[in-house]
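In what follows, a single structure is set out as structure tokens and then discussed.
Protein chains in written order, with our numbering: chain A, 71 to 326; chain B, 882 to 969.
Below you can see the structure in the form of structure tokens.
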């Protein structure tokens, strides 16, 4: 019985990653290259294509992994011109957010930018590498100004202030950087809680966990509009407050 | 705003925002206090608040190369002079 279950996990995993791989190749030749060559607003078009690609991926997930229920708050899809702050529990988190937000950008580990095709895709999508050379000096101001324009045009920036995935689902420390970026752009913050993605795709595992009944939930726990001009404003305090809201939401959900 | 006032206000910002008490005027902020690029952004926003106007993108880029309190004071003085000369 266990072998059949493992086999199911393996087959579904291979199907999903096959879509990811071959779908990316098809998107590359049929959509990304024409967009690269002919689109008037390449960044925006690339973001929309990635949104479409990931949307198809999660439609397949829903069709193949019937025991996983998706509960996506409608308001999440309607977020615009905001800095979205999320907890991070699985590799699925960023691609799930891309599948919900048509105009999105984020800060990505710089090593991903060196991967052939993927790096090209990230750069043309207006994503920002977290490498010191991009986040220091004049390059940082250029990146921040691009984020500001992106937000002003209705796009969103999503960031995981924990920096990396939590291995045990518990929140780790929040880096204040994203809050300074929000202040620079004078943007509102949407605190979005992700749950259950680590049940479907566990950190450290290659296989999707398709056998367990699980629930993936995405919801806004708080919308913050800080008074950035206030004498008392502090990015570090805002980071601590935001983390406390997440702690509270996680513990309330655990009590249910 | 004279140099002494600028220096005093910058030191206030460091105490309030970065919990750095009495930084040396020529200390390398990165090496001595672990001042990073995100701190530099925070400092720029505080300087804007102190001056009461928004800095241009070019002015902000210049600030990202600053390493010491003395250089910050020079930078603020230069911006004030430029604005006065431009009649703003």
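Note that beta-carbon positions come from the ideal geometry of N, C-alpha and C, so glycine has one too.
Every value quoted in this text rests on a predicted model; they were computed, and no experiment measured them.
- At least one CB of chain B lies nearer than 8 Å to the CB of residue 211 of chain A.
- For residue 926 of chain B, the nearest CB of chain A lies under 8 Å from its own CB, placing it at the interface with that chain.
- For residue 264 of chain A, no alpha helix (DSSP H) segment is defined; the enclosing uninterrupted segment is the beta strand (DSSP E) at 259-265.
- Closer than 8 Å to the CB of residue 919 of chain B there is at least one CB belonging to chain A.
- Collapsing the DSSP output to three states places residue 157 of chain A in coil.
- Of all residues in the region 249-274 of chain A, those with a C-beta nearer than 8 Å to a C-beta of chain B are 250, 251, 253, 254, reading in chain order.
- Put simply, of A:147, A:179, A:87, A:323 the residue whose alpha carbon is nearest the alpha carbon of residue 235 of chain A is A:179.
- Secondary structure at residue 173 of chain A: coil, using DSSP grouped into helix, strand and coil.
- For residue 959 of chain B, there are no C-beta contacts with chain A under 8 Å, since the nearest C-beta of that chain is about 17 Å from it.
- For residue 281 of chain A, no alpha helix (DSSP H) encloses it, and the DSSP letter there is neither H nor E.
- With the criterion set as a beta carbon lying under 8 Å from some beta carbon of chain A, the members of the region 928-939 of chain B are 930, 938, in sequence order.
- When CB distances to chain A are screened at a threshold of 7 Å, the residues of the region 944-955 of chain B falling below it are 945, 946, in chain order.
- The Cβ neighbour count for residue 113 of chain A, taken over all protein chains shown within 10 Å, is at least 16; the residue is labelled buried.
- Put simply, of A:141, A:76, A:81 the residue whose alpha carbon is nearest the alpha carbon of residue 290 of chain A is A:141.
- Among the bridge pairs identified by DSSP, residue 287 of chain A is matched with A:141, A:265.
- Residue 967 of chain B counts as exposed, since fewer than 16 other C-beta atoms from the protein chains shown sit within 10 angstroms of its C-beta.
- Taking a cut-off of 8 Å on C-beta distances, the region 128-144 of chain A does not touch the region 231-248 of chain A, as fewer than three cross pairs fall below it.
- Relative to the Cα of residue 303 of chain A, the nearest Cα in the group B:918, B:935, B:927, B:906 belongs to B:927.
- Interface criterion not met: the Cβ of residue 231 of chain A is under 8 Å from no Cβ in chain B.
- Under the three-state reduction of DSSP output, residue 198 of chain A falls in the strand class.
- Per the DSSP secondary-structure output, residue 228 of chain A pairs in a beta bridge with A:154, A:176.
- The beta carbons of residue 79 of chain A and residue 281 of chain A sit closer together than 8 Å.
- Taking residue 277 of chain A as reference, the option from A:104, A:125, A:161, A:122 with the minimal CA-CA separation is A:161.
- Chain-ordered listing is empty here: chain B has no CB closer than 7 Å to the CB of residue 222 of chain A, the nearest sitting near 14 Å.
- A residue is called buried once 16 or more other Cβ atoms fall within 10 Å of its Cβ, and residue 176 of chain A is buried on that count.
- Contact between residue 170 of chain A and residue 153 of chain A is absent: CB atoms are separated by about 15 Å, not below the 8 Å threshold.
- Membership of residue 316 of chain A in the alpha helix (DSSP H) is indicated by the continuous run 305-325.
- For residue 955 of chain B, the enclosing alpha helix (DSSP H) covers residues 950-966.
- Cβ-Cβ separation between residue 925 of chain B and residue 941 of chain B: approximately 6 Å, consistent with a contact (criterion under 8 Å).
- For the pair residue 945 of chain B and residue 913 of chain B, the CB atoms are not nearer than the 8 Å cut-off.
- Here the alpha carbons of residue 239 of chain A and residue 320 of chain A stand approximately 10 Å from one another.
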